[in-house]
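Mapping to my numbering: the sequence shown position 226 is 393, numbers consecutive. The next block holds one structure in the form of structure tokens; read it before the comments.
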Amino acid sequence: PPFSITHAYHSHLSSSPHLPHPIAAIHSLCDLVSHHSPSLRTVSELITLIQHHSSLLSASLPNPTPARAGTDLFARFVISLDWRAGSFEEDKERLIHVAREYAEKTVPATRGRIVQRAGVFLPQGGKVLTHSYSRVVMQLLASLAVERNLSVYVTESRPSGLGIKTYNELRAKGIPATLVLDAAVGVVMPRVDVVLVGAEGVAESGGVVNALGTFQLGLVAKSAGKPFYAAAESYKFLRLFPLSQDDLPTTKETLPLPPPGVPAQSGESQARIMSAEQEALNPSVDYTPPDLVTAIISDVGVLTPGGVADALLQAYGGA
168 PPFSITHAYH SHLSSSPHLP HPIAAIHSLC DLVSHHSPSL RTVSELITLI QHHSSLLSAS
228 LPNPTPARAG TDLFARFVIS LDWRAGSFEE DKERLIHVAR EYAEKTVPAT RGRIVQRAGV
288 FLPQGGKVLT HSYSRVVMQL LASLAVERNL SVYVTESRPS GLGIKTYNEL RAKGIPATLV
348 LDAAVGVVMP RVDVVLVGAE GVAESGGVVN ALGTFQLGLV AKSAGKPFYA AAESYKFLRL
408 FPLSQDDLPT TKETLPLPPP GVPAQSGESQ ARIMSAEQEA LNPSVDYTPP DLVTAIISDV
468 GVLTPGGVAD ALLQAYGGA
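This is the structure:
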């Protein structure tokens with residue numbers, strides 16, 4: 168049967184619910200190379216195949232940013248491999264081994280290093296505001312909340328409601344937490360010491376791509392003089408340089424205005440929520456520009472937004 172990169176990607180995510188999306192993309196490209204290996208005769212054919220299926224995967228996803236981070240990393244593995252070390256068949260096997268080893272070993276190592284570096288930014292007895300759900304932020308808070316006597320405000324994070332998941336997990340761990348309406352961020356901001364979010368991607372500019380609503384947290388934090396930190400694994404760093412919200416890679420049009428004369432679409436007034444159709448017209452992620460970000464807490468160091476470009480240059484070179 169023909170190989171489907173999209174099917175492979177979703178299969179990895181469904182079989183391992185805690186698998187980060189960039190890592191699922193790396194595993195999927197390993198599957199791709201294994202599937203097509205007998206018919207691949209040159210490195211050029213291999214690169215063309217990877218580029219084609221990486222594009223197919225991105226085009227199939229409403230928010231391709233996390234998967235793109237993984238496909239970019241896999242392309243780096245291809246470019247950095249010494250293709251003269253053995254036969255082409257052996258080299259392809261070595262590529263798969265290198266990529267899978269990275270995918271399987273990197274996640275716990277990166278998150279552990281982030282937790283080690285984050286403590287200094289969370290004051291004793293501090294109040295933290297977080298948004299949506301981030302595994303690295305959850306690990307960080309679970310590791311440091313008791314030691315530092317932290318309390319956490321969590322935004323509801325509509326429309327996904329993932330903030331409720333964060334809140335429930337924090338309370339289950341005995342960490343003091345309060346759930347906050349997204350519209351109440353401005354009210355709660357003066358009470359917090361630190362804003363701490365995760366990231367679906369970190370742009371070369373040092374800006375953060377994350378769950379919808381992160382941008383407005385950054386704006387309010389800046390206005391209130393509160394530090395805004397993003398905890399992000401280095402495999403989420405992207406050679407992407409958005410200048411505005413409209414520069415984010417997406418496969419759907421968001422928030423279109425209807426032409427004059429089109430009948431209005433009603434929300435679900437009884438439930439006081441948008442209809443599913445109205446909700447689908449909204450973006451799922453936004454971009455927090457680097458001027459709103461105090462620092463990126465990552466496994467490769469605590470970086471100023473400008474330091475992300477240096478980290479990417481070190482990883483990718485001038486390619």
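From the three backbone atoms N, C-alpha and C, an ideal C-beta is built for every residue, glycine too. Note that the coordinates shown come from a computational prediction; the quantities given were computed from them, not determined experimentally.
- If one requires a minimum length of 3 residues, the beta strand (DSSP E) runs lying completely within the segment 338-411 are 344-347, 361-364, 375-378 and 395-398, in chain order.
- Around the beta carbon of threonine 215, fewer than 16 other beta carbons lie within 10 angstroms, which makes this residue exposed.
- DSSP places leucine 470 within a strand segment (E or B) once states are collapsed to three.
- A contact between stretches requires three or more CB pairs, one per stretch, nearer than 8 Å, and the segment 366-373 fails this requirement with the segment 335-344.
- Residue pairing of tyrosine 454 in beta bridges, as defined by DSSP: Val376.
- Glycine 237 sits buried, since 16 or more C-beta atoms from the chains shown fall within 10 Å of its C-beta.
- For leucine 248, the CB contacts under 8 Å within the same chain, skipping 5 residues up- and downstream, are Asp258, Arg261, Leu262 and Val265 in chain order.
- Exclusion of the five residues before and after alanine 191 leaves Tyr176, His179 and Leu180 as the residues of its chain whose Cβ lies within less than 6 Å of its Cβ.
- Between valine 359 and valine 304, the beta carbon gap of about 14 Å keeps them out of contact (Cβ cut-off 8 Å).
- Taking a C-beta distance under 8 Å as the contact criterion, proline 423 and leucine 379 do not qualify as a contact pair.
- CA-CA distance, valine 210 to histidine 185, rounds to 33 Å.
- For leucine 296, there is no enclosing alpha helix (DSSP H); the residue is part of the beta strand (DSSP E) that begins and ends at 294-297.
- Valine 460 sits in coil when the DSSP states are folded into three classes, being neither helix nor strand.
- With the rule of 3 Cβ pairs closer than 8 Å, the segment 264-279 counts as touching the segment 188-203.
- Counting the other CB atoms within 10 Å of its CB gives histidine 219 a total below 16, which places it among the exposed residues.
- Leaving aside the five residues that flank isoleucine 217 on each side, the residues in its chain whose CB is nearer than 8 Å to its CB run, in chain order, Leu196, Leu199, Val200, Thr238, Phe241, Ala242 and Val245.
- Close CB contacts of leucine 289 within its chain, under the 7 Å cut and outside five residues either way in sequence, are with Val295, Leu311, Arg315, Leu317 and Val361 (chain order).
- If you look at threonine 173, you'll find it in the alpha helix (DSSP H) that goes 172-182.
- Taking C-beta atoms under 8 Å as the contact rule, proline 229 and threonine 455 fail to qualify, at a distance of about 19 Å.
- DSSP, reduced to helix, strand and coil, places serine 254 outside both helices and strands of the structure shown, so it counts as coil.
- When secondary structure is reduced to three states using DSSP, serine 221 falls in the helix class.
- If you draw a straight line from the Cα of aspartate 477 to the Cα of glycine 374, it is about 14 Å long.
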